Amino acid sequence: MPMSDSGTATNPHRHAGMVRWLHPAQLLRTGLDALVAAVFGARADHRLIEAVVRPQAPYFDYSQETLPEGDFWLDYVADTGDGWDSTYTVARLLALPELKLPVRGISHAEPHDTQRGRILVLGGDGVYPGASRETYEERLIQPYEAAMRRSPAPSPDLFVIPGNHDWYDGLSAFMRLFCANRWIAGRRTRQSRSYFALKLPQNWWLIGTDVQLNSDIDVPQVEYFREVAQHMGPDDRVILCNAEPAWILAATARRKGSYLENNLEYLQEKVLGRRISVFLAGDLHHYRRHEDAAGRQKITAGGGGAFLHPTHAPAAHVLRDGYRLQKSFPDERTSRKLARKNLFLIRYSPLFGLMTGALYLLLALAAYAEVGSLGLSQLGQVVMAVANSMVSRPWTMVLGLATIGGLIGLADSHFGKWRWLAGTLHGLGHIAAAFFTAWGGTYLTVSGLGICPELTADGLHCTAGWMHLAGKFLLSSGFTFLGGFLVGPFVMGLYLWLSVNFFGAHSNEAFISLALPDWKNFLRLHIAKDGRLTVYPVGIERVPRKWKATRAGPYAPAFEPDDPKATPPVLIEPPIRL
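Using the numbering used here, the final residue of the sequence shown is 579, and nothing's skipped along the way.
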């Protein structure tokens, strides 16, 4: 069995699955991580310590490192470290010395020859759901070392910028792993800080920033890149890597003005300026490319392993600075089609039903009424009985209003002024579903199973005795919980589907619910001896779910696909030449 350098077995039969974000325990953990990061992140900025105690050269010089033909190759991938299948699929392709890639949808053209990069850049969010030594080992290091534990000289170098998930532990695990001059999956780490500058051949530069949790960079980082800029010539060109696609966020922000009124904007506009020819970012887990009239590119490529994000929402066909959408992967029509999977939410997030089952049971107990003998033809009587019960129990109204208020709070800001209406309708949908679920559970218990059908004159006590009454309560409660377990996810899925496909809202929640491992991507960049930069966007529509051991040794992938349904890698679109 193949082993990682840390001694951990890399057996795909016991691999990590995709993070199930709607699992109750994961929801709680994610909420706590986000809360702690929001409260303490800005007050414990690791970057300020880096600037003092971690010296780093103004730039790492690769300007003379080219192949005999004068070519230089570099790989970029972002949002890695989720499920094994998706992460290893990308890691394996990055490890192969060569890839011949046809253009997707063009069968008659010759495939393009590409080579493994001299440098691999991880563009943010290296691991999910949050950073820790164990999570990095399980979800990132193991699949990458299974793909390549060693590499022949000259070995590739590895540079990494952190995303918000890397910051959830204050960047501690990130610094130990990527900023300690160590070997990882056949690649050497060289950086000592969470940001860096690379001088590439033919007057190209790559700048990697650390925007922490607030989409901003600190003052020492600005000064570092200001010094880097002094080493650039007037004709030098820059590839700028940020962890987040600020251009998408700016295009969809409701307030006018600049999205980045901060140090990062100052770096882009004042320090680097017109030198920037390519903007790269992850964070949104898909491929979208925007281009301006001068041929400059803004590319979102967050397909390294994490769950898929939609490409149709938030819509950003034209950016504020005139860049226009050129290509999406998957395309918007496919993205809308995938969103319909939310109608079968219980299939993708089965344990989410535990939360809706508990909610429906609480709502039912709060407004309990003796309606088990009343059928659909007596709906009016059922409604009056429940209404009378609610009047006599004021806390029932409190629970109902709390349900609606909570869902208003969870409604996406993209609804704008209609956010309260969306949350209210969502809450009323769950309350109505709880009403019919509880009524059905009680009716099945009393009229269907015949448990305690007869009551005393006051309508409160079962004439058959307390044991039958207890059995009636337990069975009707069980049926109500089961109904909430099954119906609640459908109501939530219906809300998410309508929100993302018709209002462009909840684009994140509508797809974390599905945890789709497919539609992965990464970028392969080539600098020719004439100075031309070519970007090869590599896509995999369906990742393998089954693998077989190759026993090929540490220099080659330990497993190869054994899944006939998997699709081979292709170029998402023809190479982009600058």
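All C-beta atoms, glycine included, are put in the ideal place defined by N, C-alpha and C. Computed from a prediction, not measured in an experiment: that's the story for all the values here.
- Non-local C-beta neighbours of Gly296 in its own chain, meaning closer than 7 Å and more than five positions away in sequence, comprise Leu579, ordered along the chain.
- Per DSSP, the unbroken alpha helix (DSSP H) holding Asn264 starts and ends at 264–267.
- Under the DSSP definition of a beta bridge, Asn522 partners with Gly540.
- Under the 10 Å beta carbon count, Arg183 is surrounded by fewer than 16 other beta carbons and is classified as exposed.
- Relative to Gly283, the option among Leu268, Ile300, Asn264 whose CA is nearest is Ile300.
- With the rule of 3 Cβ pairs closer than 8 Å, the segment 271–290 counts as touching the segment 303–312.
- Note that the C-beta distance between Gly71 and Gly125 is not below 9 Å.
- Per DSSP, the continuous alpha helix (DSSP H) segment holding Ile405 begins and ends at 395–411.
- CA-to-CA, the gap between Leu29 and Ala367 works out to about 25 Å.
- Residue pairing for Phe416: DSSP places it in no beta bridge.
- Partner residues in the beta bridge of Ser329, as assigned by DSSP, are Arg289.
- Taking C-beta atoms as the reference points, Trp22 and Ala516 count as a pair closer than 9 Å.
- For His507, same chain residues with a beta-carbon under 7 Å away, outside a window of 5 residues either side, are Asp413, Leu497, Ser500, Val501 in chain order.
- Residue state for Leu579 is assigned as coil, using DSSP reduced to three classes.
- Closest option to Gly304, judged by alpha-carbon separation, among Gly18, Tyr77, Arg552: Tyr77.
- Among the bridge pairs identified by DSSP, Ala302 is matched with Tyr288.
- Here the segment 339–353 lies against the segment 482–497, with 3 or more beta-carbon pairs under 8 Å apart.
- Inter-segment contact for the segment 473–493 and the segment 434–453 is present: three or more beta-carbon pairs are separated by less than 8 Å.
- Membership of Val229 in the alpha helix (DSSP H) is indicated by the continuous run 220–231.
- Met385 and Gly449 have their C-alpha atoms roughly 22 Å apart.
- Scanning its chain for C-beta atoms nearer than 8 Å, with the 5 sequence neighbours on each side dropped, one finds around Glu66 the residues Phe73, Arg119, Pro155, Pro202, in chain order.
- Below 8 Å, too few C-beta pairs join the segment 552–565 and the segment 524–542 to call them touching: fewer than three.
- Contact annotation: the segment 134–150 touches the segment 167–182, with at least three C-beta pairs closer than 8 Å.
- In terms of Cβ geometry, His113 and Pro576 form a close pair [threshold 9 Å].
- Trp548: not part of any alpha helix (DSSP H); member of the beta strand (DSSP E) spanning 548–550, first to last residue.
- The three-state reading of DSSP puts Arg117 in coil, since its state is none of H, G, I, E or B.
- The C-beta distance from Ala365 to Ala435 rounds to 6 Å, short enough to fall under 8 Å.
- Residue environment: Gln231 is assigned as exposed (fewer than 16 neighbouring CB atoms within 10 Å of its CB, all protein chains considered).
- Arg177: member of the alpha helix (DSSP H) spanning 173–179, first to last residue.
- CA-to-CA, the gap between Ala26 and Gly171 works out to about 22 Å.
- Secondary structure note for Glu510: its alpha helix (DSSP H) is the uninterrupted segment 510–513.
- Under the three-state reduction of DSSP output, Ile573 falls in the coil class, being neither helix nor strand.
- The Cβ atoms of Gly187 and Glu146 sit closer than 9 Å to each other.
- Cβ-Cβ separation between Val212 and Leu265: approximately 6 Å, consistent with a contact (criterion under 8 Å).
- Taking 9 Å as the cut-off, the beta carbon of Arg321 is found no closer than this to the beta carbon of Ala244.
- According to DSSP, residue pairing for Tyr77 in a beta bridge involves Val122, Leu524.
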